[in-house]
Amino acid sequence: MRLSEVDDEDAAIGWQLHLEQWWQTFGHLTRERTMFRNGQFGYTHDRLRKA
């Protein structure tokens, strides 16, 4: 379900529950860090963090 498709309270609750389920499954990816070739650390999935 897309956020733009939410048009009532029940759909909003369903969307929020779906988001929470996604976060429980994949949220750890937003905190992964990698050492780059220049020796600095950065977020492995930077584009996911920005989304």
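Take 0 as the starting number for the sequence shown in numbering that gives the first Met the number 0 and just add one per residue.
Built from N, CA and C at the ideal position, the CB exists for glycine as well.
On a CA-only basis, which of LEU28, ARG1, ARG36 and VAL5 is nearest ASP45? Give me that one, please.
-> Here residue 45 is taken as the residue at index 46 of the sequence shown, counted from 1. Of the listed residues, the one whose Cα sits closest to ASP45 is LEU28.
ARG48 to LEU18, Cα distance in whole Å?
-> Taking the first residue of the sequence shown as position 1, residue 48 is located at position 49. Taking the first residue of the sequence shown as position 1, residue 18 is located at position 19. The straight-line gap from Cα to Cα measures roughly 14 Å.
Just reading off the alpha helix (DSSP H) that PHE25 is part of, what are its end residues?
-> Taking the first residue of the sequence shown as 1, we reach residue 25 at position 26. Note, PHE25: alpha helix (DSSP H), 8-25.
Could you check where the alpha helix (DSSP H) with ARG46 kicks off and where it finishes?
-> One-based indexing of the sequence shown puts residue 46 at position 47. Per DSSP, ARG46 belongs to the alpha helix (DSSP H) from 45-49.
Which residue comes first and which comes last in the beta strand (DSSP E) that contains GLY41?
-> As a first step, residue 41 is located in the sequence shown; it is residue number 42 there, counting from the start. GLY41 -> beta strand (DSSP E) spans 40-42.
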